[in-house]
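Colleague: Which chain is which? The protein sequence lines are A and B, in order.
For the first sequence, the residue numbers in my numbering are 3 to 318.
For the second sequence, the residue numbers in my numbering are 35 to 441.
Quick one: this structure, given as structure tokens, is what I'll be asking you about.
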Amino acid sequence: MKLELLSTFTMGTRFELVLAGDDRSHLISVGETAINAIEEVHARMNRFDPASFISFINNNAHEKEIPLDDEMFELLTASLEVHRASHGAFDITVAPLLNDWFSFPSSSQDNEKDDDLDDRKPIGSQSLIIDSDKRSIRFDQQGISIDLGGIAKGYALDLAADIVKENNITCALLQGGSSSMVAIGTPPGESGWKISLPGQDRVPYIRLCDAAMSVSAPANRVRKMAGDKFSHIIDPRNGSVFTEDRLVAVVTSSARLADAWSTALLVLGSRPADLPYTITSIMSEGTGDEPTWDVQCDYLDCVKGSYFTSKSTQGD
Amino acid sequence: MKEWDRRSFMATTGASVAALSWLPQFATAAPQSSDGQVNVAVIGTGRQGRAILSQLQQQPSARLVAICDIDERRLKSGQRRVSGAKAYPDVTSLLDQEPSLNAVVIATPTHTHRAVAVTCLQAGKHVYCEAPLASTEDDCKALATAARESGKTFQVGLQARSNPIYKLARTFFRSDAVRNVISLRGQYYKKTSWRMPSNDPQRAKLLNWRLDPEVTLGLEGEFGTHQYDVFNWYLNKYPTSVRCNGSIRFHDDGRTIPDTVHCELTYPNNVILSYQASLGSSFESQYEVFYGSNATLKLAWTAGWMFKEADAPTQGWEVYANRQQFHNDEGITLIADATQLAAQGKLKEGVGLPHPPLYYSLADFLTSLIQDKLVICSVEEGVRTTMVGIAAHRALVEGTAVDINFE
């Protein structure tokens, strides 16, 4: 069995596909087709590209109804469903707030900061009017900008995984930004692809097989401005910047749902009691030598043989 | 293209192409539906077809009514990216069942363009056809004849002609900023196998037409044609002969089509275009360079630069221009609508193109339909440049220099 590694830089990060099989040229052509699919998603959904379809929606939907194709309709609908189920903790309209935080001059003094930023409230997904019969979208006010950054990476990986599977590749790992991934089959002789989560001394890991996983944490992207911490994650419910030392990994059937729920759970801090999705969640609090881990395994037995099962057999 | 450009083009090239005499195209039927929108179908929903779909989606004057592909999976993947368009598995059923159709965009494999385009023209549809136009000289001529006889609008997808940066750079070139043309260089480098996967051998053959020696024009034709056109269009001339070598440097997977080629095209006055294409490296991607005694122009699809010689006369505007350093050379960034942007203090925002070149090419096609204007790249111009691509491929296959004439 041969292994082929293909990669591309898109969506502001690196995507890697590891494909296993006997026919090298088949693996390469499948990998290239999958990468092309990822790049096509980026071209359609990158809100920083004025030529993308999402920019077209963002620039025009407050004036007129924009017809949606099946792909965009399904993705926007899925985003709104997670928005509702997470009680607003996942929100694709949070982008303008992110712009505000990141464009805030870093030289500002403390006394100027509060006035400008603490009043900012997100517009909220309720301002996106999606007509399911006509398959169209309209914004009920100006200033809305949809950012699919919390779900598009996973969606692109789902498309790539479909291409890999329909071309009879049964052993593969696809990942984007080292935070979203899809595992297809298992490496020979193993129970799953060994995925390490960020940790201190004892690196926690899980075994992923025929499932998708996404990891969210504000770590590495927290920056200090005017004495306060900032990160790329905003709590859409109140517009505050999320800087807790928390990490969330979600395992479920699709990378797009894993992406959306890992962001939502990071903000929520715990699973909603009425969670209508079957997901496995792994959450850690604190950054010390022994962060506390909360593991709820609803989707597959992917934590079997992992760090967490060995931990629990020690009498946890 | 401005009218005087077109006239000078005709004056310099018209006489030598008696077999393809240039005729103005007049639409004989209403080019658009009653509400001012053009009803469009896209035929061929592979990668290029899907790129066309996403650009048409943003054209206010286009109503995408249908898509068509003989491959079921491609048709489905196209269908996911359009709203309200019907899907057809063949051109005949598309034309039979969509009487309101005004125009088609053809993005099928090169060797199928003739059959598809002729059928659509005979059904009274305006045509935008991807380049190269065809893979044989006979098909080129048949297409030109069919387009002329139909009286329909026919635009060839040689996108550089619609690209705002290329149009701007051409005005510099035509106004003598480059002065003596020293030499020409172009390249297309992309690390990719060109192979499409399929478990079904028949489907694999269909999808991998670019690797099929029976029908492909190879790198020297499939991509070369797009880039030769930039030189042809700027110089208002066509090369008179071409030599081409190639080999398999990287993708040693049983293919017989070279993955790396070097071509030398000789223009009148012995100006040489050196063209390279490879699927084994992606370094510097795709560009065209015009070396001149006063300045050199480098064009890279969504960007362009002018490198002036130290002794070249100053034109004044360069003082305000954006510049970019390339090792020891400083390029003046070519920006479309620079004067307007400079007045608004937004010059830096104009670097690069807001839309892909394909967007402008499709917009030009729609404009020529709605305003009944001449197309930006006619079938005759497309045929000539395609013949250059065909000659380059023949030169590679035969291992000899091939003369190019349009008789």
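Using N, Cα and C, we set each Cβ at its ideal position, and we do this for glycine too.
Model, not experiment: these values are computed from the prediction.
State the start and end residues of the unbroken beta strand (DSSP E) segment that holds Arg16 (chain A).
Modeller: 15-23
Colleague: Extract the residue ranges of the alpha helix (DSSP H) inside the stretch 254-309 of chain B, only unbroken runs of 4 or more that lie entirely within it.
Modeller: Counting whole runs of 4 or more residues, the stretch 254-309 of chain B contains the alpha helix (DSSP H) stretches 258-269.
Colleague: Indicate the three-state DSSP secondary structure (helix, strand or coil) for Tyr223 (chain B) in the structure shown.
Modeller: strand
Colleague: Could you pull out every residue in the same chain whose Cβ sits closer than 6 Å to the Cβ of Thr336 (chain B), ignoring the five residues on either side in sequence?
Modeller: Gly386, Leu387
Colleague: For a test of the three-state rule: what should DSSP assign to Val422 (chain B), helix, strand or coil?
Modeller: It is helical.
Colleague: Any C-beta of chain B within less than 7 Å: which residues of the stretch 23-37 of chain A qualify?
Modeller: Ser27, His28, Ile30, Ser31, Val32, Glu34, Thr35
Colleague: What in chain A is Cβ-close to Arg84 (chain B), meaning under 8 Å?
Modeller: Under the 8 Å cutoff, chain A gives Glu42.
Colleague: Quick one: does Pro231 (chain B) have its CB under 8 Å from some CB of chain A?
Modeller: yes
Colleague: Provide the residue span of the alpha helix (DSSP H) that contains Leu2 (chain A), from first to last.
Modeller: Residue numbering for chain A in the displayed model covers 3 to 318; residue 2 (chain A) lies beyond these limits and cannot be assessed.
Colleague: Ser9 (chain A) to Glu318 (chain B), Cα distance in whole Å?
Modeller: 18 Å
Colleague: Flag Asp287 (chain B) as yes if its beta-carbon sits less than 8 Å from any beta-carbon of chain A, otherwise no.
Modeller: yes
Colleague: Can you pull the chain A residues whose beta carbon is under 9 Å from the beta carbon of Gly338 (chain B), in chain order?
Modeller: Those within 9 Å of Gly338 (chain B) in chain A number zero; the least Cβ separation is about 18 Å.
Colleague: Against chain A, which members of the stretch 94-115 of chain B pass a CB distance test of less than 8 Å?
Modeller: Gln113, Arg114, Arg115
Colleague: May I ask you to report which of helix, strand or coil DSSP gives Ser55 (chain B)?
Modeller: For Ser55 (chain B), the predicted structure reports a pLDDT of 40, less than 50, and the residue's modelled location is therefore unreliable. The matter cannot be settled from this model.
Colleague: Name the chain A residues whose beta carbon is nearer than 7 Å to that of Arg81 (chain B)?
Modeller: Think of a sphere of 7 Å around the beta carbon of Arg81 (chain B): the chain A residues whose beta carbon falls inside it are Asn38, in chain order.
Colleague: Which residues in chain A have a C-beta closer than 7 Å to the C-beta of Pro390 (chain B)? List them in chain order.
Modeller: Ala53
Colleague: Taking only beta-carbon atoms, is Thr294 (chain B) less than 8 Å away from chain A?
Modeller: no
Colleague: If I'm right that Cys154 (chain B) touches Val125 (chain B) with Cβ under 8 Å, what's the distance once you round it to whole angstroms?
Modeller: Taking a contact as a CB-CB distance under 8 Å, the pair Cys154 (chain B) and Val125 (chain B) counts as one, their CB atoms being some 7 Å apart.
Colleague: Would Arg258 (chain A) pass as an interface residue toward chain B - the criterion being a Cβ-Cβ separation below 8 Å?
Modeller: no
Colleague: Tell whether a beta-carbon distance below 8 Å holds between Thr274 (chain B) and Gly423 (chain B).
Modeller: no
Colleague: Gln374 (chain B): buried (16+ other C-beta within 10 angstroms of its C-beta) or exposed?
Modeller: exposed
Colleague: Would you call Asn48 (chain A) buried or exposed, if buried means 16 or more other Cβ atoms sit within 10 Å of its Cβ?
Modeller: Around the beta carbon of Asn48 (chain A), 16 or more other beta carbons lie within 10 angstroms, which makes this residue buried.
Colleague: Does the Cβ-Cβ distance between Phe92 (chain A) and Val84 (chain A) come in under 8 Å?
Modeller: yes
Colleague: Determine the extent of the alpha helix (DSSP H) in which Asn170 (chain A) is found, giving its start and end residues.
Modeller: Taken as a continuous stretch (DSSP letters only), Asn170 (chain A) belongs to no alpha helix (DSSP H), as it is neither H nor E.
Colleague: Roughly how many whole angstroms lie between the Cα atoms of Glu41 (chain A) and Asp437 (chain B)?
Modeller: 40 Å
Colleague: Kindly identify the DSSP beta-bridge partner or partners of Phe188 (chain B).
Modeller: B:Val161
Colleague: Using a C-beta cutoff of 8 Å, does Leu5 (chain A) count as contacting chain B?
Modeller: no
Colleague: Have a look at the DSSP bridge pairing and note the partners of Gln298 (chain A).
Modeller: A:Ser283
Colleague: Mind checking who Lys196 (chain A) pairs with in its DSSP beta bridge?
Modeller: A:Arg209
Colleague: Could you tell me how far apart the beta carbons of Arg142 (chain A) and Ser129 (chain A) are, in whole angstroms, since I believe they sit closer than 8 Å?
Modeller: Checking the sequence shown, residue 142 (chain A) turns out to be Asp, not Arg. Right, their Cβ atoms sit about 5 Å apart.
Colleague: Skipping 5 residues on each side, what residues in its chain have a beta carbon closer than 6 Å to that of Asp173 (chain B)?
Modeller: Only Arg148 meet the Cβ criterion.
Colleague: When DSSP labels each residue in this structure, what does Gly365 (chain B) get in the three-state scheme?
Modeller: strand
Colleague: So Tyr393 (chain B) contacts chain A; which residues on that side make the cut at Cβ distance below 9 Å?
Modeller: Ala53
Colleague: Examine chain A for any beta-carbon lying closer than 8 Å to the beta-carbon of Gln91 (chain B), and answer yes or no.
Modeller: yes
Colleague: According to DSSP, is Trp351 (chain B) helix, strand or coil?
Modeller: helix
Colleague: Does any residue of chain A bring its CB to less than 8 Å from the CB of Ser88 (chain B)?
Modeller: yes
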